[in-house]
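Going down the list, the protein sequences come from chains A and B. Each residue of the first sequence is one higher than the last, beginning at 1 in UniProt numbering. Each residue of the second sequence is one higher than the last, beginning at 1 in UniProt numbering. Even for Gly, the Cβ is constructed at its ideal location relative to N, Cα and C. Since the structure comes first, as structure tokens, the remarks are kept for the end.
Number of protein chains: 2
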Amino acid sequence: MKDLDDIHALMTDIGARARSAAAQLATAPGEARAAALDAAADAIMAQADAIIAANGQDLAFARDKGLGAAMLDRLMLDPTRVQAIAAGLRNVAAQPDPLGAVIAEWTVPSGLHIQRVRTPIGVIGVIYESRPNVTADAGALCLKAGNAVILRGGSESFHSARAIHACLIEGLRAAGLPEDAIQLVPTRDRAAVSEMLAMTDHIDVIVPRGGKGLVGLVQREARVPVFAHLEGIVHVYLDKKADPAKALAVVLNAKTRRTGICGAAECLLVHRDIADTIGADAVSALIAAGIEMRVAPPLDRVAGTTAATDSDWGQEFLDAVMAARVVDDIDGAIAHIRRYGSGHTDCIVTEDKAAAEHFFARLDSAILMQNASTQFADGGEFGMGAEIGIATGKLHARGPVGAEQLTSFKYLVRGNGTTRP
Amino acid sequence: MKDLDDIHALMTDIGARARSAAAQLATAPGEARAAALDAAADAIMAQADAIIAANGQDLAFARDKGLGAAMLDRLMLDPTRVQAIAAGLRNVAAQPDPLGAVIAEWTVPSGLHIQRVRTPIGVIGVIYESRPNVTADAGALCLKAGNAVILRGGSESFHSARAIHACLIEGLRAAGLPEDAIQLVPTRDRAAVSEMLAMTDHIDVIVPRGGKGLVGLVQREARVPVFAHLEGIVHVYLDKKADPAKALAVVLNAKTRRTGICGAAECLLVHRDIADTIGADAVSALIAAGIEMRVAPPLDRVAGTTAATDSDWGQEFLDAVMAARVVDDIDGAIAHIRRYGSGHTDCIVTEDKAAAEHFFARLDSAILMQNASTQFADGGEFGMGAEIGIATGKLHARGPVGAEQLTSFKYLVRGNGTTRP
Numbered sequence: 001m002k003d004l005d006d007i008h009a010l011m012t013d014i015g016a017r018a019r020s021a022a023a024q025l026a027t028a029p030g031e032a033r034a035a036a037l038d039a040a041a042d043a044i045m046a047q048a049d050a051i052i053a054a055n056g057q058d059l060a061f062a063r064d065k066g067l068g069a070a071m072l073d074r075l076m077l078d079p080t081r082v083q084a085i086a087a088g089l090r091n092v093a094a095q096p097d098p099l100g101a102v103i104a105e106w107t108v109p110s111g112l113h114i115q116r117v118r119t120p121i122g123v124i125g126v127i128y129e130s131r132p133n134v135t136a137d138a139g140a141l142c143l144k145a146g147n148a149v150i151l152r153g154g155s156e157s158f159h160s161a162r163a164i165h166a167c168l169i170e171g172l173r174a175a176g177l178p179e180d181a182i183q184l185v186p187t188r189d190r191a192a193v194s195e196m197l198a199m200t201d202h203i204d205v206i207v208p209r210g211g212k213g214l215v216g217l218v219q220r221e222a223r224v225p226v227f228a229h230l231e232g233i234v235h236v237y238l239d240k241k242a243d244p245a246k247a248l249a250v251v252l253n254a255k256t257r258r259t260g261i262c263g264a265a266e267c268l269l270v271h272r273d274i275a276d277t278i279g280a281d282a283v284s285a286l287i288a289a290g291i292e293m294r295v296a297p298p299l300d301r302v303a304g305t306t307a308a309t310d311s312d313w314g315q316e317f318l319d320a321v322m323a324a325r326v327v328d329d330i331d332g333a334i335a336h337i338r339r340y341g342s343g344h345t346d347c348i349v350t351e352d353k354a355a356a357e358h359f360f361a362r363l364d365s366a367i368l369m370q371n372a373s374t375q376f377a378d379g380g381e382f383g384m385g386a387e388i389g390i391a392t393g394k395l396h397a398r399g400p401v402g403a404e405q406l407t408s409f410k411y412l413v414r415g416n417g418t419t420r421p
Numbered sequence: 001m002k003d004l005d006d007i008h009a010l011m012t013d014i015g016a017r018a019r020s021a022a023a024q025l026a027t028a029p030g031e032a033r034a035a036a037l038d039a040a041a042d043a044i045m046a047q048a049d050a051i052i053a054a055n056g057q058d059l060a061f062a063r064d065k066g067l068g069a070a071m072l073d074r075l076m077l078d079p080t081r082v083q084a085i086a087a088g089l090r091n092v093a094a095q096p097d098p099l100g101a102v103i104a105e106w107t108v109p110s111g112l113h114i115q116r117v118r119t120p121i122g123v124i125g126v127i128y129e130s131r132p133n134v135t136a137d138a139g140a141l142c143l144k145a146g147n148a149v150i151l152r153g154g155s156e157s158f159h160s161a162r163a164i165h166a167c168l169i170e171g172l173r174a175a176g177l178p179e180d181a182i183q184l185v186p187t188r189d190r191a192a193v194s195e196m197l198a199m200t201d202h203i204d205v206i207v208p209r210g211g212k213g214l215v216g217l218v219q220r221e222a223r224v225p226v227f228a229h230l231e232g233i234v235h236v237y238l239d240k241k242a243d244p245a246k247a248l249a250v251v252l253n254a255k256t257r258r259t260g261i262c263g264a265a266e267c268l269l270v271h272r273d274i275a276d277t278i279g280a281d282a283v284s285a286l287i288a289a290g291i292e293m294r295v296a297p298p299l300d301r302v303a304g305t306t307a308a309t310d311s312d313w314g315q316e317f318l319d320a321v322m323a324a325r326v327v328d329d330i331d332g333a334i335a336h337i338r339r340y341g342s343g344h345t346d347c348i349v350t351e352d353k354a355a356a357e358h359f360f361a362r363l364d365s366a367i368l369m370q371n372a373s374t375q376f377a378d379g380g381e382f383g384m385g386a387e388i389g390i391a392t393g394k395l396h397a398r399g400p401v402g403a404e405q406l407t408s409f410k411y412l413v414r415g416n417g418t419t420r421p
């Protein structure tokens, strides 16, 4: 399997099978796609012990490799987490079918009736790291939208992914859908990733899930289109008309609820007029909550702060660290975000409707928020059932990517012997 | 200008100016964008003589190069065509503003109100060949959707494009919009095209307009996403339940109205049951209309046909030539189209609603038609005002690409100090 020629043949075969499965899926009823996911959830529950045993192999391998506690925790499956995986599958199954919907229809002067209807994209490639649940989530969302999927999990979660994948296959079989609809790349060889990035004939879009190293590699090398975000350099701006209680609640939640997710706030911007009041209180509260606050003057008057350096602006800490500075006005905040942001999620805290509109109009992040924690940047919280990732690109999918964003469309045009003059 | 380093510097400068103009355009009111197009139309009419004189220079150059009559006709501008260019600009100006519209909005259980609003994409690159009107059409559609555009016309239409571009600039100036919103690459050096294809920082999407050579090059080489179709291998299938009069009208119009456009039919498929009746009549009528019919038995019984060879299936003739064959049933037609089609536009002629639904469901061309000429595959005919091209890709834009397809979206989320548990 370590021979490059073999990997090429292997991946070409997987790609061709995926294309063929996609053609069958495109006309499979929504009930069958949902039934496959429910049956897969049943299989997950029935196979829980086997999944946890497979996960144990991965954990032993990871400990041998000296992986850190955070990585080990990400990788670990216990009965509760296995149950959550099954619940996630049922949740996606229960979402409305995104396919077949008439997105728009109209009649033109020539008499033609035109419909724009939702169709699957075709074949999705998902390249991810250690979280075993991505196998189930990504497989489920792609199937829900009528796409075949090629999953390439991280080598750390190899056995866990195989065990979960086996349950997905059981679900497909139970629903009479092609097993090739959800394929897991059966090798840890990294050459398989390079193949996927170049398989323009067999893969329509690639979704990388993981750290900046993986996503950056995929974005740089892929010949196939990519839905992804490289970084979540999330800003919270406290406007001069911020409500003190909301400001405190939002910024604390945005930073501290979970520091390692892409929607976690990384930089606090404070309007000069409230620097010594709401701003100083927020910085103090963050420090009290265990956050290292790297600040520029005058916020350094707050006890317990450390001095920010230039490299702290635009930094994605993904940790209990936050940068903070004062801006002269809302346009100063906007200029800072334009310069240092990553177009993922940015938030304004204000009671001033016009200020919020200004912030919304002048910035072009995928998600802009007012008076809400940036930790809501998530497909589940957006009501999409689940997400395969969050995209910051401007084409096709943007923000949380759910089943609906994994679809395309076609035009159906009906005439009556209609000819063009 | 022939130095590669200079072209790189030139294009980087153009790209940076486009980004800056795009940021300004994103907040310019729709009235200003429309006013710029109306003012540009005025300038086109006022400068008609100068445009025609510039076009004369291009025609002389083209004749020296020995270009064929069809190319010369494509290149040529006369007062009527100049007037049509101005009318096209006014038509785009009069379309509803695609920006700012709330595409969807909903409230989630956490209390957040979520809006998905339409925004510009950013910077569009357009690479085209000899038609001078593309300068105006592409410039207008990009501006209408709030995007900056970098136009790279063919060397044959160099002077015509410059003269038309000058009028677009006049329009931008009159409306107080940045002149860099519509830039024309000021060199015939082909290195500029290679630069554009790699300018991922400065161009968000590239639209190639021209022959298969140009489009193929762009699709192969571009690191920037592309909206395009390589070929229009358009099929018309006459079902056993076809109405004879509609069949004749549709197939004649689909093939003969204009043979050189991408929506022109290239292959006729006939259900076996009507091969000797409707099928034979259609083939005869096409021959009478001057079309060379390359047919497989039993259609060779029709007088005046020539024998089809394997290479005629899936051939984009773009000329007065058409392939034709009999299929056993609708699934035979679908299988032929899946194998040889290009996913552009395909048509079924039938009175049988179920057959049409089957054809629509089993095929995934960008445009599927029933009882209508495939020559309607056009943004104008779809009611989009104009089109920048037709796309067969499955991501973002598909079918005719008008101003609306040149937009992206962002999420605006409003809370009330809302935090995530």
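- Among the CB atoms of chain B, one or more fall inside 9 Å of the CB of valine 250 (chain A).
- With contacts defined as CB atoms closer than 9 Å, valine 234 (chain B) and alanine 265 (chain B) qualify as a contacting pair.
- For the stretch 369 to 387 of chain A, the residues whose beta carbon sits under 7 Å from a beta carbon of chain B are, in order, Met369, Gln370, Asn371, Ala372, Ser373, Gln375, Phe376, Glu381, Phe382, Gly383.
- Within chain B, not a single residue places a beta-carbon under 7 Å from that of valine 82 (chain A); the smallest gap is close to 23 Å.
- The DSSP-derived three-state label of glutamine 183 (chain A) is strand.
- In this chain, the alpha helix (DSSP H) harbouring arginine 81 (chain B) covers 79 to 94.
- In this structure, alanine 324 (chain B) sits away from alanine 175 (chain B), with a CB-CB distance that is not shorter than 9 Å.
- The secondary-structure analysis by DSSP pairs serine 408 (chain B) across a beta bridge with B:Thr119.
- A contact between stretches requires three or more CB pairs, one per stretch, nearer than 8 Å, and the stretch 337 to 352 of chain A meets this requirement with the stretch 370 to 380 of chain A.
- The stretch 137 to 157 of chain B and the stretch 109 to 116 of chain B do not touch, with fewer than 3 CB-CB distances between them shorter than 8 Å.
- Judged by pairs of C-beta atoms under 8 Å, the stretch 307 to 323 of chain A touches the stretch 250 to 265 of chain A, as three or more such pairs exist.
- Distance from cysteine 167 (chain B) to alanine 43 (chain B) at the Cβ level is roughly 4 Å; contact confirmed, criterion being Cβ atoms closer than 8 Å.
- Interface annotation for the stretch 349 to 370 of chain A against chain B: Phe360, Ala361, Arg362, Asp364, Ser365, Ala366, Ile367, Leu368, Met369, Gln370, criterion Cβ-Cβ distance under 7 Å.
- In this structure the stretch 21 to 40 of chain B does not lie against the stretch 72 to 80 of chain B, because fewer than three pairs of beta carbons, one per stretch, are closer than 8 Å.
- Along the stretch 245 to 270 of chain A, the positions whose C-beta sits under 7 Å from a C-beta of chain B are Ala245, Lys246, Ala249, Val250, Asn253, Arg257, read in chain order.
- The residue from B:Gly415, B:Ile291, B:Thr419, B:Lys410 with its alpha-carbon nearest to that of valine 102 (chain B) is B:Lys410.
- Not a single CB atom of chain A sits nearer than 9 Å to the CB of threonine 12 (chain B).
- Straight through space, the alpha carbons of alanine 60 (chain A) and methionine 71 (chain A) are spaced by roughly 13 Å.
- DSSP, read as helix, strand or coil, puts cysteine 262 (chain B) in coil.
- Around the beta-carbon of alanine 140 (chain B), 16 or more other beta-carbon atoms lie within 10 Å, marking it buried.
- Residues of the stretch 19 to 36 of chain A with a C-beta atom less than 7 Å from some C-beta of chain B are Ala26, Thr27, listed in chain order.
- Taking a C-beta distance under 9 Å as the contact criterion, methionine 196 (chain A) and glycine 122 (chain A) do not qualify as a contact pair.
- Taken through DSSP and simplified to helix, strand or coil, aspartate 346 (chain B) comes out as strand.
- Between glycine 343 (chain A) and alanine 53 (chain B), the alpha-carbon positions lie close to 47 Å from each other.
- Taking 9 Å as the cut-off, the Cβ atoms of valine 207 (chain B) and isoleucine 388 (chain B) count as close.
- Within the stretch 172 to 192 of chain A, no residue has a Cβ lying closer than 7 Å to any Cβ of chain B.
- One finds Ala249, Val250, Leu252, Asn253, Ala254, Arg257, Ala372, Ser373, Gln375, Phe376 in chain B with Cβ atoms closer than 9 Å to the Cβ of threonine 419 (chain A), taken in chain order.
- Taking 7 Å as the upper bound on Cβ-Cβ separation, chain A lies near residues Lys394, Leu395, His396, Arg398, Gly399, Ser408, Phe409, Lys410, Tyr411, Leu412, Val413, Arg414, Gly415, Asn416, Gly417, Thr418, Thr419, Arg420 of the stretch 389 to 420 of chain B.
- Straight across, the Cα-Cα distance linking proline 244 (chain A) with alanine 366 (chain B) is about 53 Å.
- Residue B:Gly213 holds the alpha-carbon nearest to the alpha-carbon of alanine 228 (chain B) among B:Lys240, B:Gly415, B:Asp312, B:Gly213.
- Secondary structure of valine 251 (chain B) (DSSP, three-state): helix.
- Close partners of valine 205 (chain A) in chain B (Cβ separation under 9 Å): Lys394, Leu395.
- Residues of chain B with a Cβ closer than 9 Å to the Cβ of serine 110 (chain A) are, in chain order, Ala372, Phe376, Glu381.
- Looking at the backbone, the Cα of methionine 199 (chain A) and that of arginine 223 (chain A) are separated by about 8 Å.
- Rounded to the nearest angstrom, the gap between the Cα atoms of proline 297 (chain A) and valine 326 (chain A) is 8 Å.
- Rounded to whole angstroms, the separation of the alpha carbons of glycine 232 (chain B) and glycine 314 (chain B) is 10 Å.
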